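FYI, the numbering for the sequence shown is 9 to 340, going by the working numbering. Working notes for the structure below.
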Amino acid sequence: MLFQRLRATSSLELRHFSTLEEFRSSERLGEAHVLPLSGQSSSAHAIVRLSECKLVVKRTFPRILEASYSPNGMLCIFPLTPPAGFKINDVVVDSRSVVIVRGRVDCQIVEPEANLFAVIELDPAIADRGWPEDRTGIQFVHADTPSDLQALRGNVARLLAAASEQPRDAASLETMERQLLCSLDDVILNARSTLRPPAYFDRYLRIVEQIEAYQQFHPDADARAGDLARHCGVSARTLQNATKSVRGMSVHRYLRLRKLWSVRRTLAVGRPDTVISDVARANGFRHMGEFARAYRQAFGETASTTLTRGQRRASEVQNPPATVVYDPAGLC
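Below, the structure written as C-alpha cells:
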C-alpha cells in the first residue's frame with residue numbers, strides 16, 4: 009500500500025523491480041549476493057536524498073541475502089511493519105528492533121517472507137550522535153518505548169509523502185529531516201538493551217562456506233549430510249545447526265535450493281541445444297520426476313517453460329524485428 013501512494017518526483021526516486029536481475033543491479037548500499045526462496049522476486053525502493061542523510065524504504069521478497077556494508081557514516085535499519093522471521097547473523101529482527109551498522113560489516117540475512125523496512129544512512133559529519141556504541145560493527149537495539157518507534161515510523165511516512173509531492177521546497181524537507189533524526193535519537197537513547205551476533209556465528213559461517221565451496225567444485229555430486237560433515241570436520245548435528253543458523257534451513261533444503269537456481273540460470277540463457285535432463289544431472293539431480301516436482305514447487309512453473317521463455321528471448325535478441333519506415337509514396 010505504501011508504494012501505491014507514492015510517485016516519483018525530483019525529491020523522490022521510486023523504482024520497482026519485477027525480476028531478480030533488476031533487483032541485483034539496485035543494491036547500492038553494499039556488495040550483495042541474493043538467493044531467492046521462490047521464483048517471485050518483485051520488490052521496490054523509494055529513496056530520498058537529504059542534506060545530512062539518505063532515507064531508503066525497501067519492499068523485499070523472500071530471500072537469503074549475503075551483503076557487505078561499508079557506510080561512510082552509519083546505517084540504521086528498522087522494520088516499518090512487523091517482520092516475518094527476519095534474521096541478521098542469527099539475531100531475530102522484530103517489530104521493536106533497530107539495527108545499527110558502522111564500518112565494514114558482513115551480514116547474512118534470512119527473510120522467509122517479504123518485508124517492508126527503512127534504512128537511514130547518516131553522513132559522517134553527523135554520525136557521532138552520542139549513542140552508546142562501539143566504533144565498528146553491528147548492533148541490534150531493542151526500542152523499549154513503543155511510542156518512540158511509532159514516532160520514527162510516522163516521520164518516515166510523512167517525509168516520503170512530502171517528497172512525493174511536487175513542487176516541494178528544500179526548507180520543508182530539511183525541517184522534516186531534523187524531525188526524522190530527532191525521533192531516531194529518541195529511539196536509540198531511550199533503549200536499554202542491545203544485542204550483537206552470537207559468539208558461535210563466525211564458526212558456523214565458516215562451516216557453511218565450506219559446504220558451498222564443496223558444492224561449487226562438485227556441482228554434480230549428490231552429497232549427503234554425513235559426507236559433508238566429514239568433509240568439514242564436524243558432526244552431522246553441528247553441520248545442521250550451522251546451516252540452520254546461517255541460512256535459516258536444513259543443509260539438504262539449502263543445497264537443493266542452490267541446485268535449483270543453478271539449473272534455472274542455465275535454462276534462462278535459452279541455448280537452442282539445451283537438454284533439461286542433462287542440466288539437471290549436471291547439478292546433482294538423479295531422479296527426473298523428483299527434480300520436476302521440486303522445480304515446479306520452487307518456481308511455480310515447469311523447467312520446460314523456463315527454457316522456452318529463455319530461447320524466445322535469445323531469439324529476439326539475435327533476430328530483432330525489422331524496422332519499418334513509413335513511406336508516404338509507398339516505395340518501401
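The C-beta atom is built at its ideal place from N, Cα and C for all residues, glycine as well. What you are looking at is a predicted structure, and each value in this text was computed from that prediction instead of being measured.
- In this structure, DSSP gives E60 a state outside helix and strand, which the three-state scheme calls coil.
- Partner residues in the beta bridge of R23, as assigned by DSSP, are H53.
- Between Q48 and F25, the C-beta spacing is not below 8 Å.
- Judged by pairs of C-beta atoms under 8 Å, the region 117-130 does not touch the region 146-154, as fewer than three such pairs exist.
- Burial state of Q174 is exposed, judged by a 10 Å Cβ sphere holding fewer than 16 other Cβ atoms.
- One alpha carbon belongs to D281, the other to V99, and they sit about 46 Å apart.
- The three-state secondary structure of D114, taken from DSSP, is strand.
- R67 sits in a strand when the DSSP states are folded into three classes.
- For secondary structure counted as the beta strand (DSSP E) over 3 or more consecutive residues, the region 87-159 holds these complete runs in sequence order: 105-110, 113-119, 124-130 and 145-150.
- In the DSSP annotation of this structure, the continuous segment of the alpha helix (DSSP H) that includes S312 starts and ends at A311 to Q326.
- Around the beta carbon of I134, fewer than 16 other beta carbons lie within 10 angstroms, which makes this residue exposed.
- Contact between S103 and P87 holds: CB atoms are separated by about 6 Å, below the 8 Å threshold.
- Looking at Q326, T274 and V325, the one whose alpha-carbon comes closest to that of T313 is T274.
- For the 8 Å CB-CB criterion, A54 and F11 form a contact.
- Distance from V271 to A244 at the Cβ level is roughly 27 Å; contact not present, criterion being Cβ atoms closer than 8 Å.
- Between the C-alpha atoms of A122 and V325 there is a straight-line separation of about 33 Å.
- Secondary structure note for T246: its alpha helix (DSSP H) is the uninterrupted segment A244 to R255.
- Secondary-structure assignment with DSSP links P44 through a beta bridge to R71.
- Contact annotation: G278 and G318 have beta-carbon atoms nearer than 8 Å.
- Of the residues assessed, V283 falls on the exposed side of the cut-off, its CB having fewer than 16 other CB atoms within 10 angstroms.
- Leaving aside the five residues that flank A300 on each side, the residues in its chain whose CB is nearer than 8 Å to its CB run, in chain order, T310 and A311.
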